[in-house]
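Step one of this worksheet: look at the structure below.
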Amino acid sequence: MNKLQKIALFNLCLAATCLLIKLLSLLIGDPPVKLAASIIMLILYLPLIPSYFYRLKLAIQGGSKYDERDKSIHTTAALYGLMVAFSVFFLATLLTFLIVGPGVEIKIGLMLGIFILGAMSFFTTESAVVLVRYGGICKGEQS
Amino acid sequence: MNRYQKLAWWNLIVITFTIIITTAAIVIEFHIRGYSTLGIYFIAPLVLLKFNRFLFKKPQSEGGVVSDERDTLIIKRALAFSFMAFWWVFLISSFLLWWFIGPRNSVPTITLPLMVFAAGLFMKIVCSAAILVQYGRTWKGEQL
């Protein structure tokens, strides 16, 4: 397992947990539960920032740590992530419209909620695709 | 011009044409009746975009290929760029709405399907423009 795989696994664990918490908070819908879920998600999301910059540092260094193959894998994974995130946006928007119905009003915060859901789906899918394309968790170059 | 450049131009022309006739219809109807309901029918030309997969498939030269590795890379980059652009625009517009209207206020639910529709059009425009920019904007590009 190389460093990039370890980063992807770390991101996947955090993003998938955040996604689950977000979905649970949407189902429960109680304001204190939502607040607690938001705080937990924020705490879980913070480590993703240094993780992103660490990967960026590896990408800038290049060489054996981030070669053409790694670049190709990460580009494809990012594209998959963006496509899934857009599908989530599409479904979340239309399902909300169908459930709430026309002629009603929705809170502005829902837009940001949809964005957060999309971001989580992006990170989860991207990390999962990176791991899958490297051939699973246990394979890959040793670093 | 290869197939993807032609398709990008095709997308831009159809979308621009639709935007122009829809806007004109809404403005004229609004001027006459004071409200507009007919605008929705003028987005029908967008159906033409569904025929993209059947268009420009024939190579221009005998034995030529329709697309190669470089074309695939250009399409991938254009798609990634359009998705990224969409998310940035969505995030910024959500924040602006939140900022100007206020966090406790609401918007009508019809905003949601309109948002999806606008997102689809926006991404198609950005993706087509990104394809043309990557190929060099003009009539350059390999003849296939």
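As given, the protein sequences belong to chains X and E, one line each in that order.
Numbering (our numbering) for the first sequence: 1 to 143.
Numbering (our numbering) for the second sequence: 1001 to 1144.
Where is the CB? At the ideal position from N, CA and C, for every residue including glycine.
These numbers were taken from a predicted model, which means no experiment stands behind them.
Among the options, which residue has its Cα nearest to the Cα of residue i?
i                       : options                           : result
residue 12 of chain X   : X:135, X:134 and X:128            : X:128
residue 1110 of chain E : X:98, X:14, X:41 and X:59         : X:98
residue 115 of chain X  : X:135, X:131, X:82 and X:130      : X:82
residue 54 of chain X   : X:6, X:21 and X:37                : X:6
residue 19 of chain X   : X:37, X:3, X:33 and X:9           : X:37
residue 1124 of chain E : E:1011, E:1002, E:1003 and E:1001 : E:1011
residue 17 of chain X   : X:65, X:44 and X:130              : X:44
residue 1132 of chain E : E:1019, E:1020, E:1045 and E:1071 : E:1071
residue 131 of chain X  : X:74, X:61, X:46 and X:110        : X:74
residue 78 of chain X   : X:96, X:62, X:61 and X:52         : X:52
residue 94 of chain X   : E:1114, E:1101, E:1103 and E:1087 : E:1114
With distances taken between CB atoms, is the gap from residue i to residue j smaller than 9 Å?
i                       : j                       : result
residue 1119 of chain E : residue 89 of chain X   : yes
residue 108 of chain X  : residue 1105 of chain E : yes
residue 86 of chain X   : residue 1083 of chain E : yes
residue 48 of chain X   : residue 14 of chain X   : yes
residue 1107 of chain E : residue 1097 of chain E : yes
residue 1121 of chain E : residue 1055 of chain E : no
residue 1076 of chain E : residue 125 of chain X  : no
residue 1018 of chain E : residue 1042 of chain E : yes
residue 120 of chain X  : residue 1093 of chain E : no
On the DSSP bridge assignment, give the partners of residue i in chain order.
i                       : result
residue 1107 of chain E : X:106
Just verifying my parser: in three-state terms, what is the DSSP assignment at residue i?
i                       : result
residue 51 of chain X   : helix
residue 1056 of chain E : coil
residue 1 of chain X    : coil
residue 1039 of chain E : helix
residue 1008 of chain E : helix
residue 1084 of chain E : helix
residue 1120 of chain E : helix
residue 1002 of chain E : coil
residue 66 of chain X   : coil
residue 82 of chain X   : helix
Considering only residues of the same chain and omitting the five flanking positions on each side of residue i, which have a CB-CB separation below 8 Å?
i                       : result
residue 1037 of chain E : 1029
residue 1116 of chain E : none
Give me, in chain order, the residues of the same chain whose beta-carbon lies closer than 7 Å to that of residue i; leave out the 5 immediate sequence neighbours on both sides.
i                      : result
residue 100 of chain X : 106
Could you pull out every residue in the same chain whose Cβ sits closer than 6 Å to the Cβ of residue i, ignoring the five residues on either side in sequence?
i                       : result
residue 1126 of chain E : 1082 and 1085
residue 58 of chain X   : 65 and 66
Residues, ordered as in the chain, of the segment 1094-1105 of chain E that lie near chain B by beta-carbon distance below 9 Å: Note that chain B does not occur in the displayed structure, where the protein chains are X and E.
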